[in-house]
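Step one of this worksheet: look at the structure below.
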Amino acid sequence: MSKHDKILNQILRGTSDNNILFNDLVSLLLHLDFELRIKESHHIFYRNDLEEILNL
Numbered sequence: 001m002s003k004h005d006k007i008l009n010q011i012l013r014g015t016s017d018n019n020i021l022f023n024d025l026v027s028l029l030l031h032l033d034f035e036l037r038i039k040e041s042h043h044i045f046y047r048n049d050l051e052e053i054l055n056l
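The numbering of the sequence shown is this note's numbering, which starts it at 1 and goes up by one.
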């Protein structure tokens, strides 16, 4: 099982959300073909095939 699979499973279980590192989450989202735009301290993830954005 890859690192990204482990992180995704951890997120989907929802039992240890406080233990997910920010850099691991960024890596997972980039692996899932999200694009990253940074404005000041906001990390904004988006994909062209999705209307929603994720702002961290």
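Glycine included, every Cβ here is placed at the ideal spot set by N, Cα and C.
Compare the C-alpha of residue i against each of the options and name the closest.
i     : options                       : result
His43 : Glu51, Asp49, Leu56 and Glu52 : Leu56
Ile53 : Ser41, Leu36 and Glu40        : Leu36
Lys3  : Asp24, Arg13 and Asn18        : Asp24
Glu51 : Phe34, Lys6 and Ile7          : Phe34
Quick check: what's the CA-CA separation for residue i versus residue j?
i     : j     : result
Phe22 : Tyr46 : 17 Å
Asn48 : Met1  : 28 Å
Gln10 : Ile38 : 25 Å
Leu12 : Glu40 : 29 Å
Ile20 : Val26 : 10 Å
Asp5  : Leu32 : 11 Å
With DSSP as the reference, identify every bridge partner of residue i, one or two as the case may be.
i     : result
Ile38 : His43
Leu8  : Note: Leu8 sits in no beta bridge, so no partner.
Would you please state the rounded distance, in angstroms, between the beta carbons of residue i and residue j? I believe it to be under 8 Å.
i    : j     : result
Leu8 : Leu28 : 6 Å
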